[in-house]
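See below for the structure under consideration.
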Amino acid sequence: LTASPAAEALGLAVKVQEGLREVDFGWGEGRTIQEMADEDPEAVRRFREDADSGAFPGSEPVARAAARATASLRDLADRHQ
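For reference, each letter of the sequence shown is one residue, going 334 to 414 in this note's numbering.
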């Protein structure tokens with residue numbers, strides 16, 4: 334986990350907030366734009382034009398990821414007021 338080194342140094346436990354996990358890019362996961370464009374330039378063009386309607390196969394649409402993260406941040410804020 335990204336927070337592990339800081340938490341360890343501070344003597345804190347890491348609490349995973351599922352809503353703040355990374356976006357799953359499906360077909361594009363772990364690949365560069367160039368690698369994807371070499372294989373399927375049309376898919377990259379669609380994604381660049383509209384990341385939601387042109388989302389890569391098997392990926393989480395950007396609007397869904399944003400809504401998930403926003404809800405998670407609101408929940409955290411509500412719990413810590």
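Backbone N, C-alpha and C define an ideal beta-carbon position, used for all residues, glycine too.
Asked, Found
"GLY359 in three-state terms, based on DSSP", "helix"
"Span of the alpha helix (DSSP H), counted from its first residue to its last, around ALA400", "395-412"
"Cβ neighbours of ALA416 in the same chain (closer than 8 Å, five flanking residues each side left out)", "Absent from the structure is residue 416, since the part of the chain shown begins at 334 and ends at 414."
"Buried versus exposed call for GLY361 [16 or more other C-beta atoms within 10 Å across all chains shown]", "buried"
"DSSP three-state assignment for VAL377, whether helix, strand or coil", "helix"
"Backbone CA spacing between VAL377 and LEU345 [nearest angstrom]", "41 Å"
"Of the residues GLU372, SER392, LEU343, the one placed nearest PHE358, counting alpha carbons only", "SER392"
"Beta-carbon separation (whole angstroms), VAL347 vs ALA398, contact threshold 8 Å", "Between ALA398 and VAL347 the Cβ distance is about 21 Å, and since that is not below 8 Å, they are no contact."
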